[in-house]
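This report concerns only the one structure given below.
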Amino acid sequence: MPRQFQFVAVSNPTGPVPSESRKLSHAHVTREAHAKERRLRVQRYRKETMQSLTERLAGDETPSLLVEIPECCKSLFSASALSLSPQERFLLDHYIRIVVPYSAVHCGLFDYPGDHGPDDHTREILKDWVGLAMTDKDLLDTALLLKACRSILRSKPGDPAMTQMALQYRQRGLQSLQQALTKPVSIITVTMAFALVFDEEVFGEIKVARQHLRGVFHMVELSGGLQSLGLSGLLELQALFNPTMPSVEATIPFGSLVLVTGATGFVASHVTRQLLERGYRVRGTVRDLAQASWLIDDHFKWFSESGHLELVEAPNLVADGAFNEAVKGVSAIAHIATISNLDPNPHNIIPQTVAGATGILKSAVKEPSVRRVVFTSSIMAAVLPVAGNDTRVDDDTWNEAAVEAAWAPPPYEPSRTLITYAASKVAAERAVWSFVEQEKPRYTLNVICPSGIIGEPLHKKHAEAPTNWIATHFRRDKTSLDPFPAAYFVDVKDIVLLHVAAILDPQVENARLHSWGHSSNWNEFLAVLREIRPQREFIADYPDPYYVTISTDQSDSLTLLEKWAGQEGWRPLRTSIIESVESPYFQL
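Residues 1427 to 2014 (the numbering used here) are what the sequence shown spells out, left to right.
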């Protein structure tokens, strides 16, 4: 049906204008004026918002960051197949012109060595993050438009319209992610999850953000890893450098250089991985660069190639000045390397162990950049976990019995090897505390005292080491098992997190962290091993199994696990055993 349009002359009338026409004309003019005023208000709002944000970014808080969009990315609007409303185009324009340049300067992911400037970082964000978001409307809403709303709200806090808009985009993102998780995981799904995790930070929901972030990494692992999803460039950096977000300011800035001694060792290699994944650079000391090549050629190849990981030789831990060069420019030290010789003669072990422990402290005194030193000790520095010992360990408890027995007159029979080892741990830890008390260095010392460490090996040598209790069971080596039918055991990942916390947490100062984990016995180990390897023959259960009765307060360690990893309690013993056996490096 044809529509009837009434045209109203509003200028130069040729004759008298009827009253009805005058009313229509007046209404039309009023609507035109109202529409014009509305357009002007929108324009003023956009101009004020941009000007406010630009002034804020140019002020004392942050430098001016507005840069020209690269030629290769100017077609983002026109090339997109997505249909965007004027509101969405405004938010996207704000994201590209304000948020991206700001992130290019202040995002911690770009704190890596090399000739990269803000313009290069801007291109990376536009290519890897914005470019991907322009291919999917749900991701666009969650990753870009929601972030643009948050950015505007920083300069106009409490703006009702923008607040409502942000809530709507967030709700859409949560619903979209929930639907996406019912399908095979894709790069879109993972990126959307990252965006929602970052938004949790805006609300200060750090614990929730950590939980969501662990979920993201679990998704990545189940899908076969980063490369299988096509994560590369900036997206790969997001995945590599955001495993957890601390709820406190760290003692050393993001991207700082940390020295890890004995980097090829079981614990030290895990500490290296954890620090790298948290965005820190690592300098690892090794006895032989050739034998340590697996660190840079395999596990940490990307970090090595990008300048985040370097290795230096320190073949003799006890030599004077052995670490003088290694400590240069580092902000913190994780001193995990120790004398590995097993000798019942205390004269051959204890002085060398003490020299290896204190030598690096002397080197660190000469380097003003060092703020933290973490020393790895042992439960045996405090007590022997043997039947009938009901000692309650505190910070002033020392294994005096081991020291006395180790220094007893010869002969130094092989049966004295373990007691001499324990005495060396006592002497080394006492020496580091004594050094700090006497020299009063500018850095802070913390000590980790773990029990028997088990869990995922990162190399074949870790899986086959004599100190790997799981491998000892597979070898049915009762001679090695019999001295400790019951003891405390802790997962390597827990011990690593405590090393990281002892480096980064400003509230952990001069701490002696007793980190023993679970009280257990070999029969509990055997039950799990028979379950996961039913075809394998293991030794028979020990008759009259028991649990050791030594004890200590582990609450400080548990608090740090929750604070820095959102983890409640020690990792389950069963999980540690399974991860050890299921590792591709465990081939027994």
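For every residue, glycine included, the Cβ atom is placed at its ideal position computed from N, Cα and C.
Model, not experiment: these values are computed from the prediction.
- By the Cβ test, the segment 1720–1728 is not in contact with the segment 1744–1763, since fewer than three Cβ pairs between them sit closer than 8 Å.
- The beta carbons of Val1922 and Val1693 sit about 7 Å from each other, so the pair counts as a contact at 8 Å.
- Note on Gly1995: under 16 other CB atoms within 10 angstroms of its CB, so exposed under the neighbour-count rule.
- Per the coordinates, the alpha-carbon of Arg1580 lies some 20 Å from the alpha-carbon of Arg1515.
- In terms of CA proximity to Ala1854, Leu1787 leads the group Thr1817, Gln1700, Leu1787, Phe1951.
- Boundaries for Gly1691: no beta strand (DSSP E) harbours it, and the DSSP string shows neither H nor E there.
- Within the model, the alpha-carbon separation for Pro1909 versus Asn1894 is close to 15 Å.
- Around Glu2005, the same chain offers Gly1881, Glu1882 as residues with beta carbons nearer than 7 Å, after the five sequence neighbours per side are excluded.
- If only uninterrupted beta strand (DSSP E) runs of at least 3 residues are considered, those enclosed by the segment 1892–1928 are 1912–1917.
- Between the alpha carbons of Ser1906 and Lys1989 lies a distance of about 37 Å.
- By a beta-carbon distance limit of 8 Å, Arg1902 contacts Ile1965. Their separation comes to about 5 Å.
- Put simply, the backbone Cα of Tyr1706 is about 38 Å away from that of Trp1948.
- In the displayed model, Asn1774 falls within a helix according to three-state DSSP.
- The beta carbons of Ala1763 and Gly1688 sit closer together than 7 Å.
- Judged by beta-carbon spacing, Tyr1973 lies within the 7 Å limit of Ser1945, meaning their Cβ atoms are closer than that value.
- Assignment of beta strand (DSSP E) within the segment 1785–1841, counting only whole runs of 3 or more residues, yields 1798–1802 in chain order.
- By the Cβ-count criterion, Ala1834 is exposed, with fewer than 16 other Cβ atoms from all chains shown falling within 10 Å of its own Cβ.
- Distances from the alpha-carbon of Tyr1847 to those of Ile1775, Cys1875, Ala1891, Gly1681 put Ile1775 closest.
- Trp1555 and Thr1802 have their C-alpha atoms some 41 Å from each other.
- A direct Cα-to-Cα measurement between Ala1897 and Ser1981 gives close to 30 Å.
- Straight across, the Cα-Cα distance linking Arg1938 with Thr1978 is about 12 Å.
- For Arg1704, there is no enclosing beta strand (DSSP E), as DSSP marks it with neither H nor E.
- At the C-beta level, His1696 and Val1918 come within 7 Å of one another.
- Straight across, the Cα-Cα distance linking Pro1960 with Ile2003 is about 15 Å.
- With contacts defined by Cβ atoms closer than 7 Å, Arg1797 and Ile1874 do not form a contacting pair.
- Remark: three or more beta-carbon pairs, one from each stretch, lie closer than 8 Å, so the segment 1515–1528 and the segment 1574–1588 are flagged as touching.
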